[in-house]
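Q: Note that this note's numbering has the sequence shown beginning at 9, numbered continuously upward. This is the structure I want to talk about, given as structure tokens.
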Amino acid sequence: MTRLAGRQFNRATRFHFFLRFFLILGMIGFEGELEKGYGALNGALEGAYVYTENDAGGIKTSTHGIEQRYNLRVFNNLWDPRLGSFSGGVNWADDQTSYSAPIDDSRRNLVKDYNLNFSLLPRFSPLTVYAQKTDRENRFSTVSHDTVSTYGFSWMVSSAVFPRIGINGAHTSLSTDQAGVLPASDIDYLMVDTGGRLGSYHLSARYLYDQTKDPVGNATWSHGVNLNLNGAITRALTLGAYANLATRGGNLPGVGFYQENGAGMNLYYLPNRYWDSNLRADFNESPGSNNFKRSLFSGGLNLHPTEKLDWSNGAQYSRFEAGTSQTQTVYANTGANYRPFFGLNLNGGISGGITQVTGGGLSSRSHFDLVNWSASYFKVLQAIRLTTGYGGSLGENTSEMLGKSSDSTHSFSAGIDNTQTQIVHAGLNGSLTLVNRSVPTRSENEIETRLSATADSRYFRDFIFYNDLLLLDGTVTYYHVSGIGLEGETISEEAHANYQFLNMFTLLGSYLHIDYPHGSYQSSTQTASLGFLGTIRPWINGLWTFDLKGIFNGSESLTGQQTYDAHTRLSQQIGLLSVTADYDYLRNEIGNNLNVSQQVMFRAIRSF
9 MTRLAGRQFN RATRFHFFLR FFLILGMIGF EGELEKGYGA LNGALEGAYV
59 YTENDAGGIK TSTHGIEQRY NLRVFNNLWD PRLGSFSGGV NWADDQTSYS
109 APIDDSRRNL VKDYNLNFSL LPRFSPLTVY AQKTDRENRF STVSHDTVST
159 YGFSWMVSSA VFPRIGINGA HTSLSTDQAG VLPASDIDYL MVDTGGRLGS
209 YHLSARYLYD QTKDPVGNAT WSHGVNLNLN GAITRALTLG AYANLATRGG
259 NLPGVGFYQE NGAGMNLYYL PNRYWDSNLR ADFNESPGSN NFKRSLFSGG
309 LNLHPTEKLD WSNGAQYSRF EAGTSQTQTV YANTGANYRP FFGLNLNGGI
359 SGGITQVTGG GLSSRSHFDL VNWSASYFKV LQAIRLTTGY GGSLGENTSE
409 MLGKSSDSTH SFSAGIDNTQ TQIVHAGLNG SLTLVNRSVP TRSENEIETR
459 LSATADSRYF RDFIFYNDLL LLDGTVTYYH VSGIGLEGET ISEEAHANYQ
509 FLNMFTLLGS YLHIDYPHGS YQSSTQTASL GFLGTIRPWI NGLWTFDLKG
559 IFNGSESLTG QQTYDAHTRL SQQIGLLSVT ADYDYLRNEI GNNLNVSQQV
609 MFRAIRSF
């Protein structure tokens with residue numbers, strides 16, 4: 009009896025949907041008359057029917073869905089365009105879904121939205137007043153209803169004497185009959201911002217007041233001020249500064265405002281091309297109950313004595329406080345880059361720091377230092393390009409709690425590839441990395457070897473059809489690790505092909521095979537895929553697209569998986585009416601488990 013009633017409901021729902029949609033579609037012929045009396049009128053009608061069927065291991069389910077969207081918007085000037093204009097809109101959405109097997113049920117979501125806007129005095133002091141109301145209703149096992157109402161204004165005050173002033177305010181009210189799921193509240197905010205030139209500086213200021221009230225009348229509120237200053241003190245010295253003050257943390261949706269306490273400045277000095285420097289200071293804390301503070305002081309000096317040499321230096325002090333815990337760090341670094349001649353690049357640097365952590369009656373101190381260096385060189389010959397490089401680092405960390413640990417790394421690399429790439433571009437690259445890691449209880453060594461060969465080609469044009477193109481690329485990689493971690497070798501082969509032909513079709517293929525070291529979670533995997541894409545215009549204003557794909561995943565230790573995915577769309581434009589039909593198919597097979605799903609959707613959109 010329930011299933012029969014559900015079928016009758018589905019038929020009745022679909023009948024009323026199509027009747028309503030085509031009746032409104034026919035009424036659009038009156039839009040010209042409406043525009044004569046009410047100004048510019050526009051909108052859209054949208055309707056869709058969706059059928060989904062799923063078979064998961066023999067358990068079949070299906071859904072029928074109807075989606076409706078109607079929106080209408082009008083715009084017109086007031087008596088005189090200099091006084092302003094008004095606009096208003098009505099939007100209505102109705103989504104209905106019926107479920108069948110194993111339990112027949114239905115769900116419906118209704119959304120009604122109304123909005124009205126007045127824009128006044130656009131040439132002198134623009135003022136916008138707006139109101140919006142949204143009613144939402146959800147009918148499922150229970151019926152829930154909520155309403156969001158918003159009204160507000162935006163006013164820009166400008167004059168030749170005072171800087172511009174912007175004032176924005178809004179009140180939002182949320183009411184619901186499901187308070188435990190979506191709590192009702194009232195939110196008010198008022199924001200005032202201003203800005204302008206002050207000599208060679210640009211100054212901006214913003215004030216915010218916001219209040220949130222719960223259903224029983226309990227209110228939380230906050231004030232906040234944001235100040236920003238940017239400009240040039242002299243031709244070579246620029247200043248940026250900010251200050252924020254707030255009584256409560258958090259941010260309002262859609263309102264750009266920093267609700268925190270903080271101040272900071274940044275000085276940048278660029279006297280000439282040979283050197284520059286900067287200084288920065290920041291202090292921030294979270295207002296209210298969150299006891300979190302952070303401080304940062306940093307500076308940098310960059311030297312460019314010649315066109316071949318760059319030398320950078322920096323230092324930083326940071327402090328973080330969270331409750332009774334405190335972390336302080338002092339850090340400094342220096343580094344140089346030298347280019348003695350074209351093709352050779354030399355780098356080196358030294359950095360170090362001290363970290364002090366206190367809290368909970370405990371105190372821990374640690375210091376670290378790092379030295380790094382590298383050299384790279386490339387040479388371009390008539391037919392090939394050679395690259396080689398060496399890099400190394402030596403780092404040490406000493407902790408009062410964990411003791412002393414160190415890492416040293418040496419890495420060598422080399423590569424060769426061809427420069428004459430009309431037919432194929434190929435390359436061979438290799439690297440050798442030596443790592444020594446020492447902790448208080450042991451010392452370990454690691455050797456990593458990597459070899460990689462790559463090739464790609466865009467040579468094959470007019471291969472079978474006129475103006476077709478075949479793209480090919482492949483990679484073979486050998487990777488071996490001994491010492492630290494999982495030892496052994498990993499070998500992978502990967503290939504891709506992309507064939508474009510007749511300006512309508514694309515054929516895609518790929519293959520990946522990986523052999524893992526002995527003892528890993530699996531020893532060997534392989535993946536292959538094949539895809540076919542097409543875009544066809546069967547008739548005027550018609551378009552047919554499709555995308556077919558098959559994927560196979562295999563493994564010696566895991567169950568193989570096969571996936572077939574297909575999507576096609578047929579669309580037609582008839583004047584301002586757009587009609588589309590979609591079909592999706594997905595088949596996923598893992599061992600004896602088979603899941604198949606299909607979806608059919610018809611959609612029509614009429615804009616005016």
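Glycine included, each C-beta is placed from N, C-alpha and C at the ideal position. This one's a predicted model, so the numbers in the text were calculated from it and none came from an experiment.
In or out: Ile-74 buried (at least 16 other Cβ within 10 Å) or exposed?
A: With 16 or more Cβ atoms within 10 Å of its Cβ, Ile-74 is classed as buried.
Q: I need the boundaries of the beta strand (DSSP E) containing Val-224, first residue and last residue.
A: Careful: Val-224 lies outside any beta strand (DSSP E) and carries neither H nor E.
Q: Would you call Leu-370 buried or exposed, if buried means 16 or more other Cβ atoms sit within 10 Å of its Cβ?
A: Exposed, because fewer than 16 other Cβ atoms sit within 10 Å of the Cβ of Leu-370.
Q: Under the DSSP definition of a beta bridge, which residues are partnered with Leu-247?
A: Looking at the DSSP assignment, Leu-247 forms a beta bridge with Gly-239 and Leu-275.
Q: So is Arg-600 buried or exposed if we call it buried at 16+ other beta carbons inside 10 Å?
A: Looking at the sequence shown, residue 600 is not Arg but Asn. Classification of Asn-600: exposed, given that the 10 Å Cβ count is below 16.
Q: Note down the Cα distance separating Glu-497 from Thr-441, rounded to an integer number of angstroms.
A: The alpha-carbon atoms of Glu-497 and Thr-441 are separated by roughly 15 Å.
Q: Apart from the five residues on each side of it in sequence, which residues of its chain come closer than 6 Å, Cβ to Cβ, to Asn-573?
A: At residue 573 the sequence reads Asp, which differs from the Asn that was named. Cβ neighbours of Asp-573 beyond the five flanking positions: Lys-557 and Leu-594.
Q: Where Ile-544 and Leu-551 are concerned, what is the direct C-alpha to C-alpha distance, given to the nearest angstrom?
A: Cα to Cα, the separation comes out at about 6 Å.
Q: If I measure Cβ to Cβ from Arg-373 and keep anything under 6 Å in the same chain, skipping five residues before and after, which residues do I get?
A: Once the five neighbours on either side are set aside, the close Cβ partners of Arg-373 are Gln-364 and Glu-408.
Q: How far does the beta strand (DSSP E) with Ala-330 in it extend, from its first residue to its last?
A: Segment 317-330, the beta strand (DSSP E) holding Ala-330.
Q: Within the same chain, show all residues whose beta-carbon is closer than 6 Å to that of Gln-219, passing over the 5 residues directly before and after it, in chain order.
A: Taken in chain order, the residues that qualify are Asp-196, Ala-227 and Trp-229.
Q: In chain order, what residues of the same chain have a beta carbon less than 6 Å from the beta carbon of Asp-318, not counting five sequence neighbours either side?
A: Same-chain partners within the cutoff: His-312 and Asn-345.
Q: Taking the DSSP output, what are the residues bridged to Asn-390?
A: In the sequence on display, residue 390 carries Gln and not Asn. Gln-390 is not bridged to any residue.
Q: Figure out for me which residue from Val-224, Thr-242, Leu-245 and Ser-212 has the closest Cα to the Cα of Ala-251.
A: The option with the nearest alpha carbon to Ala-251 is Ser-212.
Q: By Cβ distance below 7 Å, which residues in the same chain neighbour Gln-508 in space, the five residues on each side in sequence not counted?
A: Cβ within range, chain order: Asp-476, Leu-477 and Thr-514.
Q: Which residues mark the beginning and the end of the beta strand (DSSP E) in which Phe-349 is found?
A: Phe-349 -> no beta strand (DSSP E), and no H or E assigned at all.
Q: Would you call the segment 466-476 and the segment 448-457 touching, i.e. three or more CB-CB distances under 8 Å?
A: Result no; under three Cβ-Cβ pairs closer than 8 Å.
Q: Can you name, in chain order, every residue of its own chain whose Cβ lies under 6 Å from the Cβ of His-375, other than the five neighbours on each side?
A: Hits under 6 Å: Ile-362 and Thr-406.
Q: Just curious, the beta strand (DSSP E) that Ile-544 is in, first and last residue?
A: First-last of the beta strand (DSSP E) with Ile-544: 532-544.
Q: Taking the alpha carbon of Asn-123 as the point to measure from, which residue in Gly-96, Ala-101 and Ser-439 has its own alpha carbon closest?
A: Cα-wise, what sits closest to Asn-123 is Gly-96.
Q: Please work out which residues of its chain come closer than 6 Å, Cβ to Cβ, to Arg-611, disregarding the five sequence neighbours upstream and downstream, and give them in chain order.
A: Once the five neighbours on either side are set aside, the close Cβ partners of Arg-611 are Ala-56 and Thr-588.
Q: Please report how far the alpha carbon of Ile-32 lies from the alpha carbon of Gly-51, in whole angstroms.
A: Residue placement at Ile-32 cannot be trusted, given a pLDDT of 45 that sits under 50; what the coordinates show is reported in the next sentence. If you take the alpha carbons of Ile-32 and Gly-51, they lie about 12 Å apart.
Q: Give me the residue from Arg-77, Gly-207 and Ile-424 with the minimum Cα distance to Leu-394.
A: Taking only the C-alpha atoms, the option nearest Leu-394 is Ile-424.
Q: Would you check if the distance between the CB atom of Gly-92 and the CB atom of Leu-129 is smaller than 9 Å?
A: Result yes, Cβ atoms of Gly-92 and Leu-129 sit closer than 9 Å.
Q: Would you kindly work out how many angstroms separate the C-alpha atoms of Gln-186 and Gln-140, rounded to a whole number?
A: One C-alpha to the other measures close to 22 Å.
Q: Within 10 angstroms of the Cβ of Ser-127, are there 16 or more other Cβ atoms? Answer buried if so, exposed if not.
A: That one is buried.
Q: Less than 6 Å between C-beta atoms, sequence neighbours within five positions excluded: which residues of the same chain meet that for Asp-102?
A: Same-chain partners within the cutoff: Gln-76 and Leu-118.
Q: If distances are taken between C-alpha atoms only, which option among Gly-331, Gly-411, Phe-386 and Met-199 comes closest to Ser-421?
A: Among Gly-331, Gly-411, Phe-386 and Met-199, the Cα nearest to that of Ser-421 belongs to Phe-386.
Q: When you compare only the Cα positions, how much space is there between Val-608 and Ser-181?
A: Each residue's Cα considered, the two are about 40 Å apart.
Q: By the DSSP assignment, the beta strand (DSSP E) with Trp-283 in it spans what residues?
A: Note, Trp-283: beta strand (DSSP E), 283-293.
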